[in-house]
């Protein structure tokens, strides 16, 4: 099996072009937007919105406080009835969690629901269990407005949940800029990115 | 949820195996059982013998069992979907083995977003290679999302047979010139609401057909996609009769005699289950019927509902009860309902949602057609420490009389009680909350002006605005979705496209928002708790924000 790229080498490639309907008609190219040989990495200063979210325990929490408890944060956006990209993103988090070994106690993995009306705390718990989420990996829901505010603040909003794209956000410490990875990052790549971020 | 699906998958596999062996003498039998094995792999990620399907993505991430199943991405129809910035392609035999076409205009393939048509067709060998190694017909890698599967030759052959089987060329209820729809009416549906619904449906179909041109030619050209589909819509009204045990047989007979593409809207009374189960068995989309008590089976496929109805109301009430500061001091939850109505099921749901130590759960069941005195009699001992929940229709609400009730709170069902038109006596109003599973009147006004304007122009009398607005909404949703499907009339695909497109819709009638997804069957998830602002009239006031109870 051919690896897409060697570990430790980051490509600042362009994201695959947005496929228009006309392009979809004639493309036979396997390198569609769904199969990036590239992942795009940028650094952005995001402002965490002052919203409350709900953990899968049912507890209402301030997102700002959740993300600013001193731990580095690795974040993605999911919904529990997504059967296509979220299982891969969440499985990647699960493998990342494993590969960290004892270091995992120092990280905060954050998965935020983009379908909060369906994703009740109970459904999130079942979803988290599927991926063996440890105590350092929290899933969040809340009101529709709160979820939208978070998505918009982090440039993750695509208009509706079916249009969501794979996205991982990392931040070493409160106040730092965020590393934004667009595309399907592999567990090894995520691990490398995380370690390099902490090393700075 | 995963365990539940695995058990169902095993059961399905067993059922399929039994089905196959019953036709042992026919030469087609090996093909039938291959399709069954293929279906089990495709839909449930289950190999013969109950072993899970195993795969691995190029990034090294493993998948097995139900999450490895092809259906997750390629969908039940096999026609794929849009996802994020790209598409998951169709993989029915028709698409996989079709000769290369350089332009959609030259193709007789039905229109599907994301179809890869400008490539060499697969052969059985190259398809097996694609599934095992993720390599396309021109030697390039497939998407990183596509796993590399471990399938032996027999399993692969069975899966490919199933993919060929997914090709649908003849679809019931679809001809070049017409689309046939059924609307299903149960005998226990409220006759006024039945008439209200039918007046909307008949006028909607008439208007659609007035706009349609004569015979629609097969849509060959990409550019012709811009024209609205010109098929006429035909409505078949299936009015069921007799006891509920007889309905499935009646529906089967109807479908055999009048093959339809889908069931649109429709209306039920207290028992919709036979209709729901029939549609699931027959593979007939059942699209947004007017039912106050739907069937809750989120892992089924063909029935789509606007909301969970009175079950949602039970959830709203339970939520509000639990939020009350004095909830722990409430002694009794007393629920009142008529024996022959949907209140019984709603009351059971509320009991299970509000159960706690120290809380006495009381259900007072009024006989069907009982007297007003009977109703008033059930309330004699209500006092402080009681929460009273009335699952009652307008007639009973009006008969509550003027004696003030001394319960801590009273709750009524908006759906059963006629929403803000509930004839709740004035002395009850300052203590009564209503479960309200819709958007508030002033917030929905602009959206509801659309159907109201249409009713006015078409001279459709408005006798139940909520039912009629919902019916009009169902027609509009289905019409829009079909327009986007162009000439790809496949029943499963209709359901999948509604799932995908619904969230985009801005004009959503009585609902603030509608959204579905694979595994979601109820488009509106919440509601309000409201009370009447004044002793008389229809002005209501919300008690807090929109609540999503489940």
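Chains as they are written, first to last, in the working numbering: chain A, 74 to 273; chain B, 10 to 559.
We put the CB at the ideal spot given by N, CA and C, even for glycine.
If we ignore side chains and look at the alpha-carbon of each, how far apart do residue 198 of chain B and residue 294 of chain B end up?
Your numbering for residue 198 of chain B matches position 189 in the second chain. Your numbering for residue 294 of chain B matches position 285 in the second chain. Approximately 21 Å between the Cα atoms of the pair.
Closest Cβ-Cβ distance between residue 202 of chain B and chain A: below 9 Å?
The residue you call residue 202 of chain B lines up with position 193 of the second chain. Taking Cβ atoms only, chain A never reaches closer than 9 Å to residue 202 of chain B, which makes this a no.
Can a CB atom of chain B be found closer than 9 Å to the CB of residue 155 of chain A?
Start at 1 with the first residue of the first chain, and residue 155 of chain A comes out as number 82. Taking Cβ atoms only, chain B reaches closer than 9 Å to residue 155 of chain A, which makes this a yes.
At which residue ranges does the region 119 to 161 of chain A contain complete alpha helix (DSSP H) runs of 4 or more residues, listed in the order of the chain?
Within the region 119 to 161 of chain A, the runs of alpha helix (DSSP H) at least 4 residues long that lie entirely inside it are, in chain order, 136 to 140.
Is there a Cβ of chain B sitting closer than 9 Å to that of residue 125 of chain A, yes or no?
As a first step, residue 125 of chain A is located in the first chain; it is residue number 52 there, counting from the start. Judged by the 9 Å Cβ criterion, residue 125 of chain A is not in contact with chain B.
Please identify the residue among B:360, B:453 and B:412 whose C-alpha is closest to the C-alpha of residue 517 of chain B.
One-based indexing of the second chain puts residue 517 of chain B at position 508. Cα-wise, what sits closest to residue 517 of chain B is B:453.
Which two residues bound the contiguous alpha helix (DSSP H) that contains residue 437 of chain B?
As a first step, residue 437 of chain B is located in the second chain; it is residue number 428 there, counting from the start. Start and end: 435 to 438.
For residue 103 of chain B, which of helix, strand or coil comes out of DSSP?
Against the second chain, residue 103 of chain B aligns to sequence position 94. In the three-state scheme derived from DSSP, where H, G and I count as helix and E and B as strand, residue 103 of chain B is classed as helix.
Applying a beta-carbon distance threshold of less than 8 Å, which residues of chain B neighbour residue 140 of chain A?
For the purposes of this step, residue 140 of chain A is identified with residue 67 of the first chain, where counting begins at 1. Among the residues of chain B, none has a CB under 8 Å from the CB of residue 140 of chain A; the nearest is roughly 24 Å distant.
Can you give the Cα-Cα distance for residue 57 of chain B and residue 42 of chain B, rounded to whole angstroms?
One-based indexing of the second chain puts residue 57 of chain B at position 48. One-based indexing of the second chain puts residue 42 of chain B at position 33. In a straight line, the C-alpha of residue 57 of chain B is about 11 Å away from that of residue 42 of chain B.
Residue 164 of chain A touches chain B at which residues, Cβ-Cβ below 9 Å?
Here residue 164 of chain A refers to the residue found at position 91 when the first chain is read from its first residue. What residue 164 of chain A touches in chain B: 66, 70, 71, 72 and 76.
Please tell me whether residue 481 of chain B and residue 450 of chain B are closer than 9 Å, where the distance is taken between their beta carbons.
Within the second chain, numbered from 1, the residue matching residue 481 of chain B stands at position 472. Within the second chain, numbered from 1, the residue matching residue 450 of chain B stands at position 441. Taking 9 Å as the Cβ cut-off, residue 481 of chain B and residue 450 of chain B do not qualify as a contacting pair.
Using CA atoms only, rank isn't needed, just tell me which of B:117, B:373, B:363 and B:530 is closest to residue 308 of chain B.
As a working mapping, residue 308 of chain B is identified with position 299 in the second chain. Considering only alpha carbons, the answer is B:530.
Is residue 175 of chain A helix, strand or coil by DSSP?
Against the first chain, residue 175 of chain A aligns to sequence position 102. Residue 175 of chain A: helix per DSSP, three-state reduction.
Using 9 Å as the limit for Cβ to Cβ distance, is residue 63 of chain B near chain A?
Residue numbering aside, residue 63 of chain B sits at position 54 when the second chain is read from its first letter. For residue 63 of chain B, the answer is no, since every Cβ of chain A falls outside 9 Å of its Cβ.
For a test of the three-state rule: what should DSSP assign to residue 187 of chain B, helix, strand or coil?
In the second chain, the residue the question calls residue 187 of chain B occupies position 178. Strand at residue 187 of chain B.
Quick one: which chain B residues come within Cβ less than 8 Å of residue 188 of chain A?
Position 115 of the first chain, counted from the first residue, corresponds to residue 188 of chain A. Near residue 188 of chain A (Cβ distances below 8 Å), the residues of chain B are 524 and 526.
In chain order, what residues of the same chain have a beta carbon less than 6 Å from the beta carbon of residue 175 of chain B, not counting five sequence neighbours either side?
For this step, residue 175 of chain B is matched to residue 166 along the second chain. Correct list, in chain order: 87 and 101.
What in chain B is Cβ-close to residue 274 of chain A, meaning under 9 Å?
Since the first residue shown for chain A is 74 and the last is 273, residue 274 of chain A is missing from the structure and cannot be characterised.
Give the straight-line distance between the Cα atoms of residue 266 of chain A and residue 111 of chain A, rounded to the nearest whole angstrom.
Locating residue 266 of chain A in the first chain gives position 193, counting from the first residue. Locating residue 111 of chain A in the first chain gives position 38, counting from the first residue. So the two alpha carbons sit approximately 15 Å from each other.
Quick check: residue 504 of chain B and residue 177 of chain B, are their CB atoms within less than 9 Å of each other?
Position 495 of the second chain, counted from the start, is the residue given in the question as residue 504 of chain B. Position 168 of the second chain, counted from the start, is the residue given in the question as residue 177 of chain B. At a Cβ-Cβ threshold of 9 Å, residue 504 of chain B and residue 177 of chain B do not count as neighbours.
Can you pull the chain B neighbours of residue 193 of chain A, defined as C-beta to C-beta under 8 Å?
In the first chain, counting from the first residue as 1, residue 193 of chain A sits at position 120. By Cβ distance, chain B contributes 557 and 559.
Measure how close the beta-carbons of residue 376 of chain B and residue 348 of chain B come, nearest whole angstrom, since I'm counting them as under 8 Å.
Start at 1 with the first residue of the second chain, and residue 376 of chain B comes out as number 367. Start at 1 with the first residue of the second chain, and residue 348 of chain B comes out as number 339. Yes, residue 376 of chain B and residue 348 of chain B are in contact; Cβ-Cβ is about 6 Å, under 8 Å.
Run through DSSP, which three-state label would residue 291 of chain B get?
Along the second chain, read from residue 1 onward, the residue named residue 291 of chain B stands at position 282. Correct three-state label for residue 291 of chain B: helix.
For the alpha helix (DSSP H) that contains residue 195 of chain A, what are its first and last residues?
Within the first chain, the letter at position 122 stands for residue 195 of chain A. Segment 194 to 203, the alpha helix (DSSP H) holding residue 195 of chain A.
At the level of alpha carbons, what is the spacing between residue 437 of chain B and residue 534 of chain B?
For the purposes of this step, residue 437 of chain B is taken as the residue at position 428 of the second chain. For the purposes of this step, residue 534 of chain B is taken as the residue at position 525 of the second chain. Going by the C-alpha atoms only, they are around 29 Å apart.
Does any CB atom of chain B fall closer than 9 Å to the CB of residue 212 of chain A?
Reading the first chain from its first residue, position 139 is the one you call residue 212 of chain A. Not one chain B Cβ lies under 9 Å of residue 212 of chain A.
Is residue 104 of chain B closer than 9 Å to residue 98 of chain B when the C-beta atoms are compared?
As a working note, residue 98 of chain B is residue 89 in the second chain. As a working note, residue 104 of chain B is residue 95 in the second chain. Yes. Within cutoff.
Tell me the residue span of the alpha helix (DSSP H) that contains residue 195 of chain B.
Position 186 of the second chain, counted from the first residue, corresponds to residue 195 of chain B. No alpha helix (DSSP H) contains residue 195 of chain B, which DSSP labels as neither H nor E.
Give me, in chain order, the residues of the same chain whose beta-carbon lies closer than 8 Å to that of residue 369 of chain B; leave out the 5 immediate sequence neighbours on both sides.
Translated into the one-based positions of the second chain, residue 369 of chain B becomes position 360. Cβ neighbours of residue 369 of chain B beyond the five flanking positions: 340, 341 and 342.
Mark residue 361 of chain B as exposed unless 16 or more other C-beta atoms lie within 10 angstroms of its C-beta, in which case mark it buried.
Within the second chain, the letter at position 352 stands for residue 361 of chain B. Residue 361 of chain B is exposed by the Cβ-count criterion.
How would you write the range of the beta strand (DSSP E) that residue 441 of chain B sits in, first residue to last?
In the second chain, the residue the question calls residue 441 of chain B occupies position 432. Counting along the chain, the beta strand (DSSP E) containing residue 441 of chain B begins and ends at 441 to 445.
Looking only at C-alpha atoms, which of B:394, B:119, B:410 and B:391 sits nearest to residue 381 of chain B?
Here the question's residue 381 of chain B lines up with position 372 in the second chain. Comparing Cα positions, the closest option is B:410.
If we define contact as Cβ-Cβ less than 9 Å, is residue 231 of chain A a contact residue for chain B?
Counting from 1 along the first chain, the entry for residue 231 of chain A is found at position 158. Yes, residue 231 of chain A lies at the interface with chain B (some Cβ there is under 9 Å from its Cβ).
Can you give me the C-alpha to C-alpha distance between residue 283 of chain B and residue 194 of chain B, rounded to a whole angstrom?
Working through the second chain from its first residue, we reach residue 283 of chain B at position 274. Working through the second chain from its first residue, we reach residue 194 of chain B at position 185. Straight-line Cα distance between these residues: approximately 12 Å.
Determine whether the Cβ of residue 211 of chain B lies closer than 9 Å to any Cβ atom of chain A.
Taking the second chain and counting its residues from 1, one reaches residue 211 of chain B at position 202. By this cut-off, residue 211 of chain B is not an interface position.
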